[in-house]
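There are 2 protein chains.
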Amino acid sequence: MAKDLSMREENYSKWYNDIVQKAGLAENSAVRGCMVIKPYGYAIWEKMQAALDKMFKDTGHSNAYFPIFIPKSFFSKEAAHVEGFAKECAVVTHYRLKNAPDGSGVVVDEDAKLDEELIIRPTSETIIWDTYRGWVQSYRDLPILINQWANVVRWEMRTRMFLRTAEFLWQEGHTAHATEKEAMEEAERMLGVYSDFAQSFMAIPVLKGTKSANERFAGAIETFCIEALMQDGKALQAGTSHFLGQNFAKAFDVKFTSSEGKLEYVWATSWGVSTRLIGALIMAHSDNHGLVLPPKLAPIQVVIVPIYKNDEQRQLVVAKANAIKDILVKSNVSVKVDDRDAYKPGWKFNEYEVKGVPLRIAIGQRDVENGTLELARRDTLTKGVYQEDAIAETVAKLLDEIQENLYKKALDFREAHTTKADTWQEFNDLLDNKGGFILAHWDGTAETEEKIKEETKATIRCIPLENNLETGVCIYTGKPSSQRVVFARAY
Amino acid sequence: MAKDLSMREENYSKWYNDIVQKAGLAENSAVRGCMVIKPYGYAIWEKMQAALDKMFKDTGHSNAYFPIFIPKSFFSKEAAHVEGFAKECAVVTHYRLKNAPDGSGVVVDEDAKLDEELIIRPTSETIIWDTYRGWVQSYRDLPILINQWANVVRWEMRTRMFLRTAEFLWQEGHTAHATEKEAMEEAERMLGVYSDFAQSFMAIPVLKGTKSANERFAGAIETFCIEALMQDGKALQAGTSHFLGQNFAKAFDVKFTSSEGKLEYVWATSWGVSTRLIGALIMAHSDNHGLVLPPKLAPIQVVIVPIYKNDEQRQLVVAKANAIKDILVKSNVSVKVDDRDAYKPGWKFNEYEVKGVPLRIAIGQRDVENGTLELARRDTLTKGVYQEDAIAETVAKLLDEIQENLYKKALDFREAHTTKADTWQEFNDLLDNKGGFILAHWDGTAETEEKIKEETKATIRCIPLENNLETGVCIYTGKPSSQRVVFARAY
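First to last, the sequence lines map onto chains A and B.
Numbering follows the working numbering, with no gaps: position 405 of the first sequence is 406.
Numbering follows the working numbering, with no gaps: position 164 of the second sequence is 165.
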């Protein structure tokens, strides 16, 4: 167990915060609810961005950038959207400061009041659809397939690093289509991209499904989501993709002439994932020794620690470490040699364990003499001695194994924590004693969902996309139901 | 000349705006002073980011992310900084909206007033140095070499797309060092990175120099800059690197224990370039046919236009176009095949000319039969017929030639527009009739600089780093001077 790290089993919440801090991922800032993403945490985000950005481009999307400010009146244009987003937000009212008359600093210049307040974007549908109006005349101008990497602000009252912060980083895709079918296919395609990313890169299995009306995005006709399970048995929504119908086109008057010459409203989707994914990554894999990272998202995949007793040994061993690094870098592995003299090997071992580096290579004089290397896996905490001359192949194989193993462990955990409940009693027992995803019948009404949430804090995470139809009775009301839905307490 | 494009010689300002619009780079948004960066414009920014980000990482820097909000009081902590930055800025005063009592929409909730107003960052020295205080105890914690890619807001009254907008995108490096020497070296190193980037990627020659006290960054001891010359003879500051001394460390109480065990203030630098560079790129190379892009920053380096008269030809020619594309993509050239049937070749030729695509390949049936291709260069507007079987080599060679030619043209222009002035009369004649960089003696005082600016709108762009010392007399006051400085009217 790493020094000063809380035990996951004892205080999950503190364990999470400890990892964020000790692994150097982020810290709270002087601004309430806003975090500083430190270089190591940001490097994980860069890896995520690179993989996602390639997937977006491979599916035909381009990046663009829209203003951070949204005129207040824009929010009132889409009835559902205003309820969901215009409330807890940062409002810019003035555009100038001036010296305080008493010399005490600067104060707001009341002469510089904006005619209309500007809202810092909590999401960009409104400003983007206001722009799309000028881009679309004919069906030839469609589809528009655009993504934006940006910061957004939602004035959350209870914040938690990565999981819920006032400002966060994300990407938001906003697409415009000539037909309902095409827009719906796009929303489903991007859900597929998110699901592939979560599973292939983050090594986290996810459920794909739709949200109930209560949990739907404000302004959407249908919200698709991927839901992941954390090690404390709570669910985490890892990404959403919305079919927006013609709601925003109607609100912002975006029409096009169809190939049949008819004037029609444009169909829309939007979809996003955020720095919250880093929170999911931490909670899905880490242990009492610290962060555990899947190799595909690890800023450092292999750390090499030279071990020596004197200057002569140091020279020999560090030279070997750098030679090994060169070999690995050639096969596109990201490698760090830590030859700092001020820290002992044991201290370094602990450091990179806490930081979740997937593979550690230790090299001592005897290894150099024998042509061997000691490799330690972060996921299993096991060590092995390997031949130096096949190191590139060995590392490639082990990194693949670690990636697969993390996914399998997470999948096993999810399967062990996915349970059917047929009665209200069972449902409550499961929530309190086991957690995880609970498959239960629900009568399909918003009222029942709301009552279940009030009484148990559990929500419907999703209605799985490929759900088996099965008749049953609602666990809460006893009314008839045609399928089970997925309940859980969630982040 | 491209359709609907103003002539550069007749109305430079309109010509610039036309290119921004017709090439699909950006447009004004519904928010005063904020632009929408459209996909083609953003793709240029992505190319710039990729190149710069690699240069920053190769010089040891990591990326991180700091809050967009800065508490108002932070600005008052550094005396010079508050004068320069705290004035024209976006001020967040409230964190909630509510439904208007009369049902007319949403209004600011006066109950949700912030205790202390938050400023949208115009630059991040203050919030970052407030954070660094917690990161630095000993000399072992130094240097800190961090860069941030972010949006910033400065409430400019007169805005112009890319060149001056209320919100813009940039990167800001913020480094912390144990010694003055190390910080000064860092500031100079990053100026070198900017200069290399401008010359190698943007194909724009730049002058490296220091700013006069009047033009220095608010809070800096020394501001280094690169200055470029636009085709209308006006200068454009393309990047700055600041040696901040211990000013911010003192303002935010950031101290460290030196290797000698003494408690000392940390030394700082900051440096940045922004989306303004896209404005420079447009103005440095473009012509009356539209945008001209250096190949290293062109989102599309080669466009292939198939030419055919019937379906049979179309099939043959498009297949060949795609085969050529595959060959070029393998040598890392970014290629687009435009096989849209709805547009004629001539229309497409014009389209890619306006968009500044460096090379255009046209393929007709006869080309396929002869094993030839027609290549047209955007920079010289010349065409040539080349053998298809050596196309990868030909394209690589031509792209290199275009990159070099653009640089050479820009350098020739700058040299032809760099002139010495020895009298006030000469100085004014040059400004009004020729423009460009004017090398003139100045008495070294802020008052004289200010008066010259008031009377002529020319400012001191920089004091060149490797300046020849030369005795002379100030063109304005006649007082003695030891070196010429660079004057120009500027963006």
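Heads up, the beta-carbon is just placed ideally off N, CA and C, and yes, glycines get one too.
Source: prediction; values computed, not measured.
Q) When the cut-off is 8 Å and only beta carbons count, does V37(A) lie next to chain B? A) yes
(Q) Quick check: the Cα distance between E117(B) and I128(B), rounded to an integer number of angstroms? (A) Going by C-alpha positions, E117(B) is about 15 Å away from I128(B).
Q. Residues of chain B with a CB under 9 Å from the CB of T258(A): which are they?
A. Going along chain B, no residue has its Cβ under 9 Å from T258(A), so there is no contact; the nearest lies around 14 Å.
**Q.** Same chain, Cβ closer than 8 Å to M2(A), neighbours up to 5 away in sequence not counted
**A.** Because M2(A) sits at a pLDDT of 49, beneath the cut-off of 50, its placement in the model cannot be relied upon, and the point is left open.
Q. Among E189(B), V21(B), A214(B), E402(B), which one has its Cα closest to the Cα of I284(B)?
A. Looking at the sequence itself, residue 284(B) is Met, so the reference to Ile does not match. The candidate whose alpha carbon is nearest that of M284(B) is V21(B).
Q) Smallest Cα separation from E313(A): which of N100(A), D59(A), V369(A)? A) V369(A)
Q. If you draw a straight line from the alpha carbon of G436(A) to that of I301(A), how long is it in whole angstroms?
A. 33 Å
Q.
Does the CB of S512(A) have a neighbour CB from chain B at under 8 Å?
A. Nothing about residue 512(A) can be read from this structure; chain A reaches only from 2 to 492.
(Q) List, from N- to C-terminal side, the alpha helix (DSSP H) runs of 4 residues or more that fit wholly inside the region 110-182 of chain A. (A) Listed in chain order, the complete alpha helix (DSSP H) runs (minimum 4 residues) inside the region 110-182 of chain A are 126-133.
Q: Quick one: residues in its chain with C-beta nearer than 6 Å to the C-beta of G365(B), no 5 flanking neighbours on either side, listed in chain order?
A: I308
Q. Taking Cβ positions only, does K326(A) come closer than 8 Å to chain B?
A. no
Q: Quick one: grab the DSSP three-state call for F198(A).
A: helix
Q: Give, in chain order, every residue of the region 417-433 of chain B whose Cβ lies closer than 8 Å to some Cβ of chain A.
A: none
Q | According to DSSP, residues forming a beta bridge with F488(A) | A | I439(A), I461(A)
Q | Beta-carbon separation (whole angstroms), G273(A) vs W171(A), contact threshold 8 Å | A | 5 Å
Q) In chain B, what lies closer than 8 Å to K1(A) by C-beta? A) Absent from the model: residue 1(A). The displayed extent of chain A is 2 to 492, so no value can be given.
Q: Could you work out which residue in I392(B), N215(B), E455(B), K235(B) is closest to R415(B) when comparing CA atoms only?
A: K235(B)
Q: Report yes or no: do three or more beta-carbon pairs, one from the region 263-282 of chain A and one from the region 167-184 of chain A, lie closer than 8 Å?
A: yes
Q: Check the DSSP bridge columns for R378(A) and list the partner residues they point to.
A: L360(A)
Q.
Rounded to the nearest angstrom, what separates W443(B) and T211(B) at their Cα positions?
A. 15 Å
Q: Within the same chain, show all residues whose beta-carbon is closer than 6 Å to that of I222(A), passing over the 5 residues directly before and after it, in chain order.
A: F244, G246
Q: Can you check the region 296-361 of chain A for any alpha helix (DSSP H) of at least 4 residues that lies completely inside it and give the ranges in chain order?
A: Counting whole runs of 4 or more residues, the region 296-361 of chain A contains the alpha helix (DSSP H) stretches 312-331, 346-355.
(Q) If you follow the beta strand (DSSP E) that A91(A) is in, where does it begin and where does it stop? (A) 89-100
Q. By a C-beta neighbour count over all protein chains shown, 10 Å radius and 16 as the cutoff for buried, is M158(A) buried or exposed?
A. Residue burial annotation: M158(A) is exposed, with fewer than 16 other C-beta atoms found within 10 angstroms of its C-beta.
**Q.** Nearest neighbour of V92(B), chosen from G280(B), T381(B), V137(B), L115(B) [CA to CA]
**A.** Nearest of G280(B), T381(B), V137(B), L115(B) to V92(B), Cα basis: L115(B).
Q) Which chain B residues sit within Cβ distance under 7 Å of N12(A)? A) None at all; the shortest Cβ gap to chain B is about 24 Å.
Q: Answer yes if the region 338-346 of chain B comes into contact with the region 389-407 of chain B, meaning at least three C-beta pairs across the two stretches below 8 Å, and no otherwise.
A: No, the region 389-407 of chain B does not touch the region 338-346 of chain B.
Q. Looking at chain A, which residues of the region 116-146 of chain B have a Cβ within less than 8 Å of any of its Cβ atoms?
A. E118, L119, I120, I121, I128, D131, T132, G135, R141
(Q) Judging by CA-CA distance, which residue of C226(A), T124(A), W425(A), A199(A) is the nearest neighbour of V153(A)? (A) T124(A)
**Q.** Closer than 7 Å at the beta carbon, the chain A residues around E497(B)
**A.** Only positions 2 to 492 of chain B appear in the structure, and residue 497(B) is not among them; the question remains open.
Q) Does the Cβ-Cβ distance between P296(B) and L400(B) come in under 8 Å? A) yes
Q: Could you tell me whether the Cβ atoms of Y66(B) and Y43(A) are closer together than 8 Å?
A: yes
Q: Rank A422(B), H178(B), T449(B), L278(B) by C-alpha distance to the C-alpha of W136(B) and give the top, closest one.
A: H178(B)
Q) Taking the continuous beta strand (DSSP E) assigned at M56(A), which residues delimit it? A) Taken as a continuous stretch (DSSP letters only), M56(A) belongs to no beta strand (DSSP E), being part of the alpha helix (DSSP H) at 40-59.
Q | At least three beta-carbon pairs within less than 8 Å, the region 321-339 of chain B to the region 69-89 of chain B | A | no
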